[in-house]
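Chains as they are written, first to last, in the working numbering: chain A, -5 to 164; chain B, 118 to 542.
Beta carbons are placed, not taken as given, at the ideal position from N, Cα and C, and that holds for glycine.
Notes follow once the structure below has been shown.
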Ligand SMILES: Cc1cc2nc3c(=O)[nH]c(=O)nc-3n(C[C@H](O)[C@H](O)[C@H](O)COP(=O)(O)O)c2cc1C
Ligand code: SF4
Ligand code: FES
């Protein structure tokens, strides 16, 4: 077993991805520019980026794990801790705030029974505060897996949660 | 409303995205053909300069002037980077443009690269715009297929490649030097200037960074000419149209392409369809979260760089966020400062510590625990932070605080005197 397989025992990236990233890194002058791409690919497959994900990225790019870690921890959309299947980023910036964002956040915490930063017991939802999501004209809103939902009110958000719950359990 | 000239939103239809056939059908890629067949890079740079186009990313620097600083004829790798970080609250225009018509940016990137003689381009795009990134990748593939990207474009001897680079959150990546660090895979704190990116930018090479809307305007300037472009604005010193993203307490919170220099009152009444719930207008952020408030006395102000500076605010990104008369301006400013304090990259003390201090002070007022001494401290912070931070994030953060102190100081005093927020029952 080579080093990459050793690190990748839990299958953070598939064979093809590893070959593609390694090849690409070998072709370009500054392989570091792929750090975010690889971390995002790990997160897409695994839901979050465990230590092995950082090591794997470092290995592919010929960097030390700490060089990758200092990038990974800078960005709030890279998760270095487990999250639920549907991380809900709820916007708390000014346009959403002005149209009921706080009430929406309150409502979501109550319905899901979790505070910000926590995951529901069934492992489906993690509630996370976020700055502006670029949906300011459709405020207030949330982002789930890079899709924006808005404008939302308690009823429409309940429906959204119910749909996701059904999808997640099905 | 229909007589307002539409360039950037010409092809925009609700829920649709135009790709190469639709783009070509309304004249797309003709400016590129004209530029490559009939114009030299120098002529292109001159054209952009005389169009008076000013950067649409917030700072409003004249694009043509910026381009003349660029060592276009120097040998070695040079880069053109498009800034689509767009994370300032109230600013969502670039996202709308790319959802509707991504080829505009692609064509703009190619002709701008030709004007600046940069052989590689990057579009740096925020995490939340994954759909837009996908459309851009498709548009780039189509442009390649058509022979507009790659080697020896239209027989000109000019080569160009274009990449889309994703991010993973954090507002500071919008600051151009932080963005360059982020692109390189370095920790994205801003860089010391000088050297400016034009001399030492991406990977240490000459680099121009421009906003999405800035670059999308270039093909239109090529086809319409500099004079036509200048005349689109309603103010003599202005030029072009502008994407206005409306938000907050308006009946209609959509994004419109309107002439530079349009009156605030017209934006609010005609396009925003007035303040919601039959309430009255109290204040607005005219150009994104970092611009000082305007009030109802500013309804006749022309929304343009110079006229807004004259009244102590900024045109910024033209994201207009309106607040109705039931809004507590202390609470609104606290919300804005929470954003900036959280997004501070932590590199320099005035921002890292100063913004936290401002947040703490605004919290005191809002929760009824403020005192006159706290008000003095807030004024001190305005002096201490503005002009003393390493990059413009902290400066921008203090924009709304300055507006609060100029127009709504009495509201702070009311909080102190009543020992509670007067807007909460
Ligand atoms: C904190 C901060 C965030 C910024 N965010 C953006 C952004 O999202 N998009 C953008 O084009 N410019 C942004 N800017 C301005 C850029 O630094 C730069 O001036 C701009 O991209 C230049 O392009 P332009 O001249 O075409 O406007 C930001 C600046 C600061 C200080
Ligand atoms: S002003 Fe703020 S964001 Fe800019 S360098 Fe200083 S700490 Fe970082
Ligand atoms: S302020 Fe919430 S999406 Fe922009």
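Count the other CB atoms within 10 Å of the CB of residue i; is the residue buried (16 or more) or exposed (fewer)?
i             : result
residue 115/A : exposed
residue 10/A  : exposed
residue 258/B : exposed
residue 192/B : exposed
residue 493/B : exposed
residue -5/A  : The predicted position of residue -5/A is uncertain, since its pLDDT is 43 and thus under 50; no value can be drawn from it.
residue 399/B : buried
residue 424/B : buried
residue 394/B : exposed
residue 420/B : buried
residue 149/A : exposed
residue 60/A  : exposed
residue 38/A  : exposed
residue 13/A  : exposed
residue 330/B : buried
residue 164/A : exposed
residue 66/A  : buried
residue 397/B : exposed
residue 273/B : exposed
residue 26/A  : buried
For the putative contact between residue i and residue j, defined by C-beta atoms under 8 Å, what is the C-beta separation to the nearest angstrom?
i             : j             : result
residue 307/B : residue 292/B : 5 Å
residue 135/B : residue 217/B : 7 Å
residue 476/B : residue 510/B : Actually they do not touch by this definition, with Cβ atoms about 14 Å apart.
residue 125/A : residue 362/B : Their Cβ separation, rounded to whole angstroms, is 16 Å, which puts residue 125/A and residue 362/B out of contact at 8 Å.
residue 340/B : residue 148/B : 5 Å
residue 487/B : residue 481/B : 4 Å
residue 358/B : residue 351/B : Actually they are not in contact, since the Cβ atoms of residue 358/B and residue 351/B sit about 10 Å apart, beyond 8 Å.
residue 407/B : residue 377/B : In fact, because the Cβ distance is near 19 Å, the residues do not count as touching under 8 Å.
residue 375/B : residue 385/B : Not confirmed; about 12 Å, so no contact.
residue 241/B : residue 24/A  : Rounded, the Cβ-Cβ distance is 15 Å, inconsistent with contact.
residue 72/A  : residue 33/A  : 5 Å
residue 47/A  : residue 36/A  : 4 Å
residue 524/B : residue 410/B : 6 Å
residue 78/A  : residue 105/A : Between residue 105/A and residue 78/A the Cβ distance is about 14 Å, and since that is not below 8 Å, they are no contact.
residue 237/B : residue 254/B : Not a contact, Cβ separation roughly 16 Å.
Residue i by DSSP, collapsed to three states: which one?
i             : result
residue 518/B : helix
residue 323/B : coil
residue 73/A  : coil
residue 257/B : helix
residue 4/A   : coil
residue 468/B : helix
residue 266/B : coil
residue 138/A : strand
residue 333/B : helix
residue 328/B : strand
residue 281/B : strand
residue 273/B : coil
residue 473/B : helix
residue 363/B : strand
residue 125/B : coil
residue 43/A  : coil
residue 288/B : helix
residue 349/B : coil
residue 57/A  : coil
residue 244/B : coil
residue 238/B : strand
residue 15/A  : helix
residue 358/B : strand
residue 371/B : coil
residue 539/B : coil
residue 25/A  : helix
residue 489/B : helix
residue 305/B : coil
residue 376/B : strand
| said: Could you tell me which whole alpha helix (DSSP H) segments of length 4 or greater appear in the segment 378 to 465 of chain B? | reply: 422 to 427, 446 to 460
| Which whole runs of the alpha helix (DSSP H) in the segment 75 to 134 of chain A are 4 residues long or more, in chain order? | 88 to 92, 95 to 106
| task | Enumerate, from N- to C-terminal direction, the unbroken alpha helix (DSSP H) stretches of 4 or more residues contained entirely within the segment 132 to 220 of chain B. | result | 137 to 142, 147 to 155, 158 to 167, 180 to 185, 210 to 217
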